[in-house]
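Asker:
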Amino acid sequence: MQVEGLKMDKQFDQATNTSYVGQTERGTYLFKGAAKIEWAIGEVPNVSSYVMSIITDSVIRLFSDRHQTDPVALNCFFFNKTLAGNLIIEIEELKMSKKGYCIVRAVLKQTKDLSALEDMSGYDPSEWTDKVQAVFTMGNMDSEEGITHLYKSPTPSSDLVEGLEPFKYTFMSDFVDSKFETRSFQDGIPEYTQLMNFKDQRTTDFKSIPYWCDMILPPPHLLGEETFGGPVWCPTMQLEVQFKRKPTGQKIVAHFITKHIINNRFDIDGEIWNDNGDILATTR
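Our numbering applies: residue 701 is where the sequence shown begins, and numbers increase by one.
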């Protein structure tokens, strides 16, 4: 397993890189890192996007010298708030294969005092609380074969993308540039398209895809506060990402829509493209 550090010159990598600690007695793999307060909403890191990328970093590192270097699918479940501070990622192999798809569970954990894990001798599982659990399917996209067929895939038109207007998020705007389909505010519909990129021109890769899938204004916000009787708070309970091809480019175009709001629970369907219109991922 290759565990040497990746490039640290970009802001996103400085905030998401993890390092290998060792293997536990039961055969799981431990990585350590930290959630940065600069990437937080208030005191809570932008949980379902930024935190997922930290977890993804550890999984990609674990598979860096295996055949299955590429994430194919990710299902993430949020148990408790991830706080700004030290954390570990514990990865358990669930289904392994030499050339086929592999499945692993990756759990983000923190202690009550947010202490750091220096080495394996200091690891006591009873001191660490599960904050996020994720299940990854890993494969090798270069070796995949078969047909490619798109049906009712809502690829955004060039006219729509060119018509997007600069939009400053109240959070993450120090790191991200965005353009937004502002007419969605006027129309009051829970659907929009946006274009985004990192301010420091970091390229899109597998690790950043989960971030882009939830670096969003939840579509129910566009219905207006009068619909809900006040400000809208939309915590993420579960998030799925289906990776469709190896990411390229610096900018992504994303489309999100909420079709159902039932008793204040809602779903979001989303697509992520590169700026050439190639589908990179779908999310729900």
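Glycine residues also receive a C-beta, built at the ideal position from the N, C-alpha and C atoms.
1. Label Y911 either buried or exposed according to how many other C-beta atoms from any shown protein chain fall within 10 Å of its C-beta, with 16 as the threshold for buried.
2. Answer yes or no: do Y851 and I791 have a C-beta to C-beta separation smaller than 9 angstroms?
3. Can you name the start and end residues of the beta strand (DSSP E) that S719 belongs to?
4. DSSP on F928, reduced to helix/strand/coil?
5. So the candidates are R965, V721, A734; which of them puts its Cα closest to the Cα of W933?
6. Does the beta-carbon distance from F943 to D765 come in below 9 angstroms?
7. Please confirm if the segment 954-974 is in contact with the segment 784-804, defined as three or more CB-CB distances below 8 angstroms between the two stretches.
8. Residues bridged to W973 by DSSP?
9. I'd like to confirm something about R945: is its beta-carbon nearer than 8 angstroms to some heavy atom of the ligand GTP, or not?
10. Out of G846, C802, P918, P854, point me to the one whose CA is closest to M838's CA.
11. Is it buried or exposed, E862, if we count other Cβ atoms within 10 angstroms and call 16 or more buried?
12. Ends of the beta strand (DSSP E) at D830?
13. Could you tell me which residues DSSP puts in a beta bridge with S749?
14. Between which residues of its own chain and P866 is the CB-CB distance below 7 angstroms, once the five residues before and five after are set aside?
15. How is I760 classed by DSSP in three states: helix, strand or coil?
16. Taking three-plus beta-carbon pairs below 8 angstroms as touching, is the segment 946-956 in contact with the segment 747-761?
Answerer: So, to answer that:
1. buried
2. no
3. 719-723
4. helix
5. R965
6. no
7. no
8. V953, I979
9. For the structure depicted, the ligand GTP is absent and the ligand set is empty, with no information on it obtainable.
10. C802
11. exposed
12. 829-839
13. Note: S749 sits in no beta bridge, so no partner.
14. K879
15. helix
16. no
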